[in-house]
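Participant: For the sequence shown, our numbering gives the first residue as 110, with consecutive numbering after it.
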Amino acid sequence: MGYFMKGSCAVAFVALLGYLYRDTFDPASLANAKVLVTGASTGIGEEMAYHYSRAGAHLVLTARRENALLKVKVKCLELGAKSVSLVLADMGSSVDRERVMEAAIAALGGLDYLVLNHIGSTPFKMWDGDVNHTRWLMEVNFISYIHLATMALPQLTESKGSIIVLSSLTGKVGTPYTTSYGATKFALDGFFWSLRHELAMKKVPVSITLCVLGLIDTQSAMEKVKDKVSMSAYPAQDAALAVISAGTRRVREMYYPWYVGPVCFIRDWFPEGRDWAIQMSYS
Ligand code: NDP
110 MGYFMKGSCA VAFVALLGYL YRDTFDPASL ANAKVLVTGA STGIGEEMAY
160 HYSRAGAHLV LTARRENALL KVKVKCLELG AKSVSLVLAD MGSSVDRERV
210 MEAAIAALGG LDYLVLNHIG STPFKMWDGD VNHTRWLMEV NFISYIHLAT
260 MALPQLTESK GSIIVLSSLT GKVGTPYTTS YGATKFALDG FFWSLRHELA
310 MKKVPVSITL CVLGLIDTQS AMEKVKDKVS MSAYPAQDAA LAVISAGTRR
360 VREMYYPWYV GPVCFIRDWF PEGRDWAIQM SYS
């Protein structure tokens, strides 16, 4: 295909995306929804908790830091959450994960949305050969997601519910300084894509939404990329709303901000140009 054709296809694709993903989100559909959000003590998870609260959902929030979670809980109740329960847990521990799911089902009396959002802390630097760190990160960022999803499936099947998986552009396109982190996000894509097929083949009425995000202005992300990436960061509050909206609409994949979908679509069209542009954006 010539460059002109590829360019035209890209423009047509962006227009199609705009049409397909026009926001038909109705927050009222989340009133009384039973929602478990992981990694809810800060960042995008915290912002999602506030959006669900404004819509009048019942929430279970989990992370490791009690003080941070308590502050989020107070604000959620002010914003209109019907109920908020907290569970302190380390997602690197399978015992903790089981405790989270048991506590969530008990507190909510079921589950409509499982929002898998937490990530373990990882340095933003070139690969240094630390395989043990990668193994641990896989446990926190990947194994815990599939463990929680597996435990939640019976409840989600009953409620015709949804699994929302937070991923990243680095889980679709390789970028420098993100070897282990990117690997965990690519793994999520592979696992949940396959699972989505299997649920459809078995007629299990549970949707899976993979959320592919670009750079978002959370404190942890900004601290990591400072001085290393020349790229705009988009607001966590808007990213959180886009994620929730996509989950409610049961779309397979959502892209935020605007450039992420086109980048994924043309990812393999100009490999040399792509890799040059990526390497130029990092120092
Ligand atoms: P943050 O680093 O701001 O928040 C991470 C959350 O995970 C915190 O609530 C933290 O709470 C919790 N957490 C960390 N370690 C553990 C652990 N071992 N066990 C349990 N909870 C843990 O992340 P962001 O808000 O920036 O990102 C949220 C999601 O969005 C992630 O999946 C990320 O990959 C994705 N994303 C973010 C982008 C960005 O630029 N910000 C870009 C692309 C994707 P606590 O410390 O209290 O445990």
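Note that the Cβ used here is the ideal one computed from N, Cα and C, for glycine as well.
1) Quick test of your reading: Ala149 and Val181, contact by CB under 8 Å. State the CB separation rounded to the nearest angstrom.
2) Confirm the yes/no value for this check: CB of Ala355, any heavy atom of the ligand NDP, distance under 6 Å.
3) Could you tell me the boundaries of the alpha helix (DSSP H) in which Ile153 lies?
4) In three-state terms, what does DSSP make of Ile387?
5) So does Asp199 have its beta carbon nearer than 6 Å to some heavy atom of the ligand NDP?
6) Using the three-state DSSP reduction, which class does Tyr368 fall into: helix, strand or coil?
7) Have a look at the DSSP bridge pairing and note the partners of Val146.
8) What residues are listed by DSSP as bridge partners for Glu362?
9) Helix, strand or coil for Ile375? Go by DSSP, reduced to three states.
10) For the alpha helix (DSSP H) holding Leu195, just list the boundary residues, first then last.
11) Please work out which residues of its chain come closer than 8 Å, Cβ to Cβ, to Asp326, disregarding the five sequence neighbours upstream and downstream, and give them in chain order.
12) Is Thr327 near the ligand NDP - that is, is its Cβ less than 6 Å away from at least one heavy atom of it?
13) Does the beta-carbon of Glu311 have 16 or more other beta-carbons within 10 angstroms, so that it is buried, or is it exposed?
14) Give the single residue among Ile375, Asp205, Thr318 and Tyr391 whose Cα lies nearest to the Cα of Met363.
15) Around the Cβ of Arg206, are there at least 16 other Cβ atoms within 10 angstroms (buried) or fewer (exposed)?
Facilitator: Let me spell this out:
1) 6 Å
2) no
3) Gly152 to Arg163
4) helix
5) yes
6) coil
7) Leu170 and Val224
8) Leu319
9) coil
10) First-last for Leu195: Ser192 to Leu197, but that is the beta strand (DSSP E), not the alpha helix (DSSP H).
11) Ala342, Tyr343, Pro344 and Ala345
12) yes
13) The amino acid occupying residue 311 in the given sequence is Lys; Glu does not appear at that position. Under this definition Lys311 is an exposed residue.
14) Thr318
15) buried
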